[in-house]
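Sequence order for the protein chains is A and B.
Per the numbering used here, numbering of the first sequence is gapless, rising by one per residue and ending at 410.
Per the numbering used here, numbering of the second sequence is gapless, rising by one per residue and ending at 779.
So the structure is just underneath, and the comments pick up after that.
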Amino acid sequence: MDFEDTPEEVEFRAEVRDFLDANAERKAPGASFAIPYGGDGLVTAAKEWQAKKAAAGFSGITQPKEYGGRGGTVIEQVIYNQEESDYVTPIGIYEIGLGMCIPTMLAYATEEQKQRFAPPAFRGEEIWCQLFSEPQAGSDLANLRLRSERDGDDWILNGQKIWTSGAHFSDFGVIVTRSDPEQAKHKGLTYFFIDMKSPGIECRRIHQISGTSNFNEVFFTDVRVPDSQRLGAVGDGWRVSLTTLMNERLAIGERPPPGYEEAMALAKQIELENGPAIEDGGVRDKIADWYVNARGVTLARYRSMTALSRGQDPGPENSIGKALTGKMRQDIAAFGMDLMDQSGVISDPELATMRGMFQDALLAGPGGRIAGGSDEILRNIIAERVLGLPPDIRVDKGIPFNELAKKERG
Amino acid sequence: MNFDFSEEQNLLREQARRFLAENAEGKARGIIEGDALFDRDLWRGMADLGWMGTVIPEEYGGIGLSHEDLCVIAEEIGRSIAPTPFSSSVYLATEALLLAASDEQKEDFLPRIASGDTIGCFAHNEGTRKPEPGSIATIYTDGKLTGEKKPVADGDVADFAVVLAKTPDGEPVLTLALLDNVASETLETIDPSRSHARLRFDGTPAALIGNIGNGWTLSERLLDRAAILFAFEQLGGAHRCLDMAVDYAKERYAFGRPIGSFQAIKHKLADVFIATELARSHAYYGAWTLTTDAPDLPVAAAAARVAASRAYYLAASENIQTHGGMGFTWELDCHLYYRRAKLLNLALGGERRWKHKLVSRLENRNVAA
Ligand SMILES: Cc1cc2nc3c(=O)[nH]c(=O)nc-3n(C[C@H](O)[C@H](O)[C@H](O)COP(=O)(O)OP(=O)(O)OC[C@H]3O[C@@H](n4cnc5c(N)ncnc54)[C@H](O)[C@@H]3O)c2cc1C
C-alpha cells in the first residue's frame with residue numbers, strides 16, 4: 001500500500017493547486033459554503049468555470065486527448081477532485097453530461113460525431129442532459145413508453161420524459177425510447193442522441209420542494225431524429241442505457257454540504273444545558289458516525305480507483321457511497337436544525353445560523369436519496385449483484401410490453 | 411496511490427486461511443465447552459508458521475515483516491475466531507516492547523514471544539473507572555507493583571504482563587511484570603473462548619518500560635496501534651457473519667421462496683455489506699498509517715476501530731436474526747461470533763470511548779490545520 005503521491009503525481013497536484021489558487025476562492029477552514037444548487041446564475045458561472053478548467057487541461061481528465069480530454073489517469077482525476085473540493089466552485093451542471101452522456105457517445109457514436117460533439121462538451125460550451133425517466137418509468141426504467149417510429153432515414157418521437165435535470169439549459173440530450181412495443185419490456189428499446197432545440201420538444205420546468213426548478217417535464221410531439229443519431233442497434237437500447245448508468249462519476253469531494261465538518265463547526269457555536277454542544281456525548285456520537293461514513297466512502301473509492309488503475313473491475317464500492325450519503329446529508333441537516341432549537345426554522349440566509357445551509361439541505365436532501373437509483377434500488381443491487389441473493393419475484397418477465405402496459409393501466 | 415495489499419500479501423492471506431480452516435475450525439467451541447483456557451495445539455501451529463514473530467525484527471528472532479502483513483493474518487484469525495492469546499501477546503505485549511522497551515528487555519522477551527514459548531498480555535483495566543490517568547489505582551514503587559487489574563485478557567495464561575500503573579506521586583508508568591507468583595483468577599465472561607482474568611499484584615517485582623510519567627501517553631499510543639490490528643480481526647469476523655447469513659438466506663425457504671428473496675432480508679444484508687466495506691476501507695488505511703507511522707495514525711486508528719466495531723456487532727446480530735430460531739441455538743456457530751463481536755468491541759475500550767477520542771482528534775486536527 002502506498003498513499004504518498006508518486007513524483008509525477010506531486011507535480012500534477014502542484015499544477016492543479018496553482019490553477020485553483022489563480023482562479024478560485026479557497027473555502028474558509030471549518031465551514032465550506034457551496035454555491036446553492038439549481039440557481040439560474042449558476043449556469044453562467046459554471047460555463048465560465050468549465051471553460052477555464054478545459055483551457056488548463058483539467059476537463060475530461062481520463063478521456064482521450066483527440067476528443068478534448070486530457071488523456072490522464074484515474075488517479076489524476078482523484079487528485080483533481082480532492083483539490084477542487086477545497087475551493088468554492090460551481091458544481092452540478094456538467095456531472096450528467098460529462099460523466100454519463102459523453103462517455104456513452106464515445107462508446108457508440110461514429111468517429112465524425114465524436115469529433116463534433118465531445119470537444120465542445122468538455123469545454124463546457126454545449127451542455128448535455130439525460131432523458132431516461134418517464135412518469136411510469138423511474139426505478140423500473142425499462143417500463144418506458146416514449147415511442148420512436150421509423151420514417152425513412154428518420155425516426156419520429158412521441159411521448160413524455162420527466163425529471164430531466166437541466167433540460168431547460170441543455171443543448172443536447174441522450175434518450176432511450178420504445179421502438180417495438182410488441183417485444184418484452186427490456187427488448188424493443190432504441191437509444192438516440194438529440195438536439196434539444198429540435199421542433200416538437202417542449203420543456204416545462206418542475207417546481208421542486210427545495211423551491212428551485214432544476215428538473216423538467218419534456219414533451220415530444222412528432223420530433224424528427226435522423227437515424228444517424230441512433231446509438232447502438234435498433235432494439236438494443238437497454239444495453240446502451242446500462243453503459244450510461246454504469247459510467248459512475250469519479251465524483252470525490254463533490255458531496256454537497258453540510259457534512260461532518262459543518263456539523264462540527266455548528267456544534268462548536270451552540271451552547272446546550274451542560275456547555276458547548278460539541279462536548280455533548282450524543283452530539284459526538286453522531287459526528288463520529290458521520291465522519292466514519294464519509295471518510296469510509298472516500299477510502300472505499302480509493303480502493304476502486306486502485307482496482308481501476310490496475311485494469312480490474314472496480315466492483316460495487318461506488319454504490320455503497322450513494323447508498324449512504326444521501327440519507328446522511330438529510331440526517332445532518334435535521335440534526336443541525338435540532339441543535340438550533342426553534343430558531344432552526346429560520347431559513348433566511350441573512351439570519352439563519354451558517355447562512356441557512358442546514359435548512360437548504362433539509363429541503364434539497366430528499367432528492368439525493370431518489371435521483372440516480374433510490375436508496376432501496378441500490379440495496380437491491382448490492383444484495384443481488386454483490387451478495388448473489390435471489391432476485392425478487394417478477395410478474396413482468398417475458399410478457400410483451402403492450403400487454404403489460406394494458407394491465408398497469410388497469 | 412496504491413490502496414490494496416500486494417501479491418505476496420495475498421498469498422500470505424491464502425496460506426493463513428488454509429491453515430486456519432484446517433486447524434481452527436470448531437476450536438472456539440471446544441474451549442467454551444471444555445476446561446482449557448486456549449487451544450495449545452493451534453498456538454503451536456501458529457508459532458511454527460512464525461506468526462507471533464511477524465513484525466519482530468530478525469535480530470530478535472522474528473521474521474521482520476511489516477505491519478501490513480500482520481494485518482493480513484489478523485483478518486484471517488478474526489474470521490476463524492481462533493481461541494488463542496494472539497492479540498494479547500502480539501498486538502499488545504509485543505507492540506508495547508517495540509514501542510518503548512530497553513534493548514535488554516527486547517533481547518530477553520522478543521525471541522521467546524516470537525517462538526510462541528512466552529505469552530504476554532496487557533493489564534490496564536481496573537473495573538469501570540473514569541478513563542483518565544488520575545483513576546489508576548495500581549501503584550508502582552521501589553520496583554514493585556501493588557494493586558488489582560481486571561479484566562485482563564489472557565491474564566490467566568500469560569507469562570508476563572505489561573501493566574499500567576502510577577507512582578505514589580501520581581506519575582503514570584508502564585511496567586513489565588512476570589506473572590509466575592501473581593494470583594490470577596479466571597473470570598466468567600460472555601465469551602470464554604478468549605480467557606479473561608483478575609490479577610492481584612502484591613509487591614510483585616516489575617521493571618519500567620519507558621520513563622516515569624509517560625505511561626499514559628505510551629498506553630494510549632499502544633492502544634491506537636493495537637486498535638488497527640484489532641480492527642482487522644473484527645473485520646474478518648464481520649465478513650464471516652455476512653457469508654454465513656447470505657448462505658443461509660439462499661437455502662432457507664419460507665412462503666415458497668428463499669428468504670433471501672425478501673427485501674427485508676436483502677436490505678438488512680446489504681446494510682451489513684455496506685458496514686463491512688466501510689470497515690475494510692478504514693482498516694486498510696489504518697494498516698498503511700501503522701506501517702509507515704504516518705502522523706494521521708491516531709485519527710485513522712480511532713476511525714478504523716469505530717467502523718470495525720459497528721460492522722462486527724451489526725453483522726453478528728443480524729446473522730442470528732437471519733437464521734431465525736436456528737440462530738438462537740447453542741449448536742449453530744452464530745452465537746460464537748456474536749459473543750466474540752461484543753468482546754472485541756469492548757477490548758481496548760468500548761465504541762463510545764473511541765468515538766469520543768475520534769472527535770477530539772478531529773477537533774485538534776482542525777485547529778492544527
Ligand atoms: C433531483 C432529481 C434529479 C433527477 N434527474 C434525472 C435526470 O436528469 N434524468 C432522468 O432520466 N431522471 C432523473 N431523475 C429521476 C430519477 O432517476 C427517478 O426519480 C428515480 O429513478 C426513481 O423513480 P420514480 O421517481 O419513478 O420513483 P419510483 O420508481 O416510483 O419509486 C417510488 C418508491 O418506490 C421504491 N421502489 C421502486 N421500485 C422498488 C423495488 N424494486 N424495490 C424496492 N423499492 C422500490 C423506490 O425506492 C421509491 O422509494 C431525477 C430525480 C431526482 C429526484
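Glycine included, C-beta positions come from ideal geometry on N, C-alpha and C.
Bear in mind that the values here come from a model prediction, so they are computed numbers and not experimental data.
Please report the distance separating the alpha-carbon of ALA641(B) from that of GLU728(B). Computed Cα separation, rounded: 19 Å.
Could you say which of PRO276(A), SER165(A), PHE117(A) lies nearest to ASP195(A) if we only look at CA atoms? Answer by Cα proximity: PHE117(A).
Taking 7 Å as the threshold (beta carbon to beta carbon), is LEU768(B) in contact with chain A? Answer yes: the Cβ-Cβ gap between LEU768(B) and chain A drops below 7 Å somewhere.
State the beta-bridge partners of LYS576(B) as determined by DSSP. Looking at the DSSP output, LYS576(B) sits in a beta bridge with ILE549(B), PRO582(B).
Using a Cβ-Cβ cut-off of 6 Å (strictly less than) and excluding sequence neighbours within five positions of GLY472(B), which residues of its own chain qualify? Correct list, in chain order: GLY463, ILE466, ALA524.
At least three beta-carbon pairs within less than 8 Å, the stretch 595-613 of chain B to the stretch 543-560 of chain B: Proximity of the stretch 595-613 of chain B to the stretch 543-560 of chain B meets the contact definition, three or more beta-carbon pairs being nearer than 8 Å.
Take the Cβ of LYS406(A) as the centre, count every other Cβ of all protein chains shown within 10 Å, and call the residue buried at 16 or more, exposed below. Classification for LYS406(A): exposed.
Residues of chain B with a CB under 9 Å from the CB of ASN266(A): which are they? The displayed chain sequence assigns Leu, not Asn, to residue 266(A). For LEU266(A), none of the residues of chain B pass the 9 Å Cβ criterion, the least Cβ distance being about 13 Å.
Rounded separation between ARG604(B) and ARG750(B) - CA only: In a straight line, the C-alpha of ARG604(B) is about 8 Å away from that of ARG750(B).
Shorter than 6 Å, the distance from the beta carbon of ALA371(A) to the closest heavy atom of ligand 1, or not? For ligand 1, at least one heavy atom lies less than 6 Å from the Cβ of ALA371(A).
Counting Cβ pairs closer than 8 Å, one from the stretch 320-332 of chain A and one from the stretch 373-381 of chain A, do we hit at least three? Contact between the stretch 320-332 of chain A and the stretch 373-381 of chain A is present, with at least three C-beta pairs closer than 8 Å.
Between the beta-carbon of ILE93(A) and the beta-carbon of ALA56(A), is there less than 7 Å? ALA56(A) is positioned such that its CB atom lies no closer than 7 Å to that of ILE93(A).
Compare the C-beta of ILE370(A) against all C-beta atoms of chain B and say whether one is closer than 7 Å. Any Cβ of chain B closer than 7 Å to the Cβ of ILE370(A) would place that residue at the interface, and such an atom is absent.
Counting pairs of Cβ atoms below 8 Å between the stretch 71-83 of chain A and the stretch 14-27 of chain A, do you hit three or more? Yes: at least three Cβ pairs fall under 8 Å.
By DSSP, does SER148(A) sit in helix, in strand, or in coil? If DSSP states are grouped into helix, strand and coil, SER148(A) belongs with the strands.
Can you pull the chain B neighbours of ASP2(A), defined as C-beta to C-beta under 7 Å? From the beta-carbon of ASP2(A), the residues of chain B found nearer than 7 Å are MET411, ASN412.
Can we count TRP163(A) as close to ligand 1, meaning its CB is less than 6 Å from some heavy atom? At least one heavy atom of ligand 1 falls within 6 Å of the beta-carbon of TRP163(A).
Chain B beta carbons: is any one of them nearer than 7 Å to that of SER32(A)? In this prediction, SER32(A) has a pLDDT of 47, which is less than 50 and means its spatial position is unreliable; nothing more can be read from the coordinates.
Which first and last residues belong to the alpha helix (DSSP H) in which SER490(B) is found? SER490(B) -> alpha helix (DSSP H) spans 477-490.
Reducing DSSP to helix, strand and coil, say where ASP195(A) ends up. Residue state, collapsed to three classes: strand.
For the stretch 715-740 of chain B, which residues have a beta carbon sitting closer than 8 Å to at least one beta carbon of chain A? Cβ contacts with chain A come from VAL716, ALA717, ARG720.
Does ligand 1 have a heavy atom nearer than 6 Å to the CB of GLU505(B)? Not so, every heavy atom of ligand 1 lies at least 6 Å from the Cβ.
Looking only at its own chain, which residues have a Cβ that is under 6 Å from the Cβ of ARG147(A), when we skip the five neighbours before and after it? Cβ neighbours of ARG147(A) beyond the five flanking positions: ASN158, GLY159, ARG178.
Who are the Cβ neighbours of ALA137(A) in its own chain at under 8 Å, not counting the five residues just before and after it? Closer than 8 Å at Cβ, skipping near neighbours: ASN143, LEU144, ARG145.
Does the Cβ of PRO419(A) have 16 or more other Cβ atoms within 10 Å, making it buried, or fewer, making it exposed? This structure gives no information on residue 419(A), because the portion of chain A shown stretches from 1 to 410.
Determine, using beta carbons only, whether SER671(B) comes closer than 7 Å to chain A. At least one chain A Cβ lies under 7 Å of SER671(B).
Give a yes or no on whether the minimum CB-CB distance between ILE252(A) and chain B is below 7 Å. Because ILE252(A) sits at a pLDDT of 43, beneath the cut-off of 50, its placement in the model cannot be relied upon, and the following sentence gives the value as read from the coordinates. Answer no: the Cβ-Cβ gap between ILE252(A) and chain B never drops below 7 Å.
How long is the line joining the alpha carbons of GLN419(B) and TRP698(B), rounded to whole angstroms? Cα to Cα, GLN419(B) sits roughly 13 Å from TRP698(B).
Given ALA24(A), which residues of its chain have a CB within under 6 Å of its CB, disregarding the five upstream and five downstream residues? Closer than 6 Å at Cβ, skipping near neighbours: TYR87, THR89.
What are the residues that DSSP puts in a beta bridge with PHE570(B)? Partner(s): GLY530(B), LEU588(B).
Counting Cβ pairs closer than 8 Å, one from the stretch 354-366 of chain A and one from the stretch 630-649 of chain B, do we hit at least three? Verdict: no, contact absent.
Where ARG667(B) falls: helix, strand or coil (DSSP): It is a strand residue.
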